[in-house]
Amino acid sequence: MHKYSILFVLALLLGACSESSRFRVADGAVWNTTYHISYRSERDLHDSIVAVMKQVEVSLSPFSKVSLVSRINSGEDVVTDSLFRRIFHASQTVSHNSGGLFDPTVAPLVNLWGFGYRQTGVEPSRSTVDSLLPLVGIGRCSINSDGRVVKCHPSTEFNFSAITKGYGCDMVGEMLLRNGVEDYMVEIGGEIAVAGHSPRGSEWRIMVDAPVDCDTAVVHERLTVIEVTSCGVATSGNYRNYRQTAQGRVWHTVSPLTGYPAETDLLSATVKAPTCMEADAYATACMAMDSRAALWMIEKVDGVEALLVTRDTILTTSNFPTLQ
190 MHKYSILFVL
200 ALLLGACSES
210 SRFRVADGAV
220 WNTTYHISYR
230 SERDLHDSIV
240 AVMKQVEVSL
250 SPFSKVSLVS
260 RINSGEDVVT
270 DSLFRRIFHA
280 SQTVSHNSGG
290 LFDPTVAPLV
300 NLWGFGYRQT
310 GVEPSRSTVD
320 SLLPLVGIGR
330 CSINSDGRVV
340 KCHPSTEFNF
350 SAITKGYGCD
360 MVGEMLLRNG
370 VEDYMVEIGG
380 EIAVAGHSPR
390 GSEWRIMVDA
400 PVDCDTAVVH
410 ERLTVIEVTS
420 CGVATSGNYR
430 NYRQTAQGRV
440 WHTVSPLTGY
450 PAETDLLSAT
460 VKAPTCMEAD
470 AYATACMAMD
480 SRAALWMIEK
490 VDGVEALLVT
500 RDTILTTSNF
510 PTLQ
């Protein structure tokens, strides 16, 4: 369920007030993407930031054969850790609220269509798709009292990529808070967690990209700017992650209900939520349904707001923050 997030951070250190000397910046690469973190602290916490990201990778990366999730996928009898349990239960909640359209157990089908951590390179057939659908259903999976995963099918696999970057942002933010940092912006691959104030002394300003169709480069074209704090923000879109097949272009968002890439009127979905983990998951869920259904889903969830872009219009929930 790999996806490209499309948020570009606007609130950097340029033009900051006198407090800016207390802000530090941590930049680097992780999980085949980049991170940019700005935080106000007297101490350099970059080593701790990297350690948190490594902890997330060791637990949740399906691209690492020795990670906890890969060992669970391969059928090993292992006890889950707190990271896996937290993201597992959050995924079940979003799956329920989305009518099953957000589901990390769609992993084998995402792989089949060439967007996952193990690609087949073969054009999917109807019979192959049908054979994998019984493996899907995080709502039918559980974690028992011993901390072990009970799968809905022995061959069920989990890919939490559509929620892990957001969770990583939250984890870094929680570490910063434990170290007395009240003002920070954590951005990993476009997913963002913020708290307190920016170097400007105001809430954090973030530019949301317009959905510009380009699969050869990341194009940043402003759609709007939002001003937020104490929340997570994530954007999902299909227009940057697709491939050509004999049947035409297919997008990376695969429906857990049909087994086929979702075809909807949505170009992108930007979600603001109490945590970046939730924002990340709900943004992905939106891309698996049409815009009206996505708007209805978001409006049912307390504390979650969305901006949805179609080819014809822009829809927002009533409390989505925008700056003109």
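For what it's worth, the working numbering labels the leading residue of the sequence shown as 190, then goes sequentially. Ideal Cβ placement from N, Cα and C applies to all residues, glycine included. A quick note: this is a predicted structure, and the numbers were derived from the prediction, not measured.
Taken atom to atom, the span from the alpha-carbon of LEU366 to that of VAL383 is near 11 Å. For SER425, the CB contacts under 6 Å within the same chain, skipping 5 residues up- and downstream, are LYS192, ALA458, ALA472, THR473 and MET476 in chain order. In this structure, DSSP gives PRO450 an extended state, which the three-state scheme calls strand. No residue range can be given for GLU231, since it is assigned to no alpha helix (DSSP H) and is classified by DSSP as neither H nor E. The Cβ atoms of LEU298 and VAL443 sit closer than 7 Å to each other. Annotation for ILE377: TYR224, LYS354, GLY357 and CYS358 place their beta carbon closer than 6 Å to its own, counting only its chain and skipping 5 residues before and after. Distances from the CA of ILE381 to each of PHE252, CYS420 and LEU446 were compared; the closest alpha carbon is that of CYS420. Three or more beta-carbon pairs separated by less than 8 Å link the stretch 249-263 to the stretch 344-352, which places the two stretches in contact.
Within the same chain, and ignoring the five residues on either side of LYS489 in sequence, the residues whose Cβ sits closer than 8 Å to its Cβ are ASN286. Within the same chain, TYR224 come within 8 Å of ALA218 by CB-CB distance, once the 5 residues on both sides are set aside. Cα atoms of ARG229 and GLU416: separation of roughly 18 Å, rounded to the nearest angstrom. For CYS358, the enclosing alpha helix (DSSP H) stretches over residues 350-367. For CYS420, the enclosing beta strand (DSSP E) has its first and last residue at 420-426.
As the crow flies, the alpha-carbon of SER227 is around 30 Å from that of LEU456.
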